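Here is the structure we will look at.
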Amino acid sequence: MTTDFPKSELHQPQYFLLDAEGKTLGRLATEASKLLRGKESSYYTPGIDQGNFVMIINADKIYVSGKKKVKKLYYSTSQRPGGLKVQSFNDLKKKFPARIIEKAIYGMLPKGVLGRKFYSRLYVYTSANPLLKKKSVNTIFWQKIL
């Protein structure tokens, strides 16, 4: 008996708009990574690209629980001696609020060619971007309570 695998050419990606205002960082990132990979689809296959586009608005109003605002650290490096940079959650939120959500989602995606392709379909905006209203795309609002 053979297994039928769906063709990636037949898949039409959808656009999802997620509002990050008042949502917990990890729960929002989990839902976004599932949508990017296409795991909500009934014919999901791990090795085939069947992902969607995800747009997240109000990234500067994300919520984290506990003492993570003070204690959570984000590391980046230039791969040179002494090139390690450390930023706290508050510092990163002041300078680049969208990067917090991007890093959380990137950590939940597979590492490799497909993961980079999924990540390229993620758009994070710091506020309710007026350009989203002008786009003539079929936008689906994700109604699940996060």
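In the working numbering, the protein residues as written are 3 to 148.
Glycine included, every Cβ here is placed at the ideal spot set by N, Cα and C.
Note that the structure is a prediction, hence the values are computed from the model and not measured.
When the five nearest sequence neighbours on each side are left out, the beta carbons in the same chain lying within less than 6 Å of the beta carbon of residue 125 are those of 57, in order along the chain. According to the DSSP assignment, residue 32 belongs to the alpha helix (DSSP H) that extends over 27-39. Within its own chain, the residues whose Cβ lies closer than 8 Å to the Cβ of residue 65, once the five positions on either side in sequence are excluded, are 24, 25, 26 and 27, listed in chain order.
Counting along the chain, residue 87 sits inside the beta strand (DSSP E) bounded by residues 86-90. Residue 130 and residue 63 have their C-alpha atoms some 11 Å from each other. Counting along the chain, the unbroken beta strand (DSSP E) around residue 59 starts and ends at 55-59.
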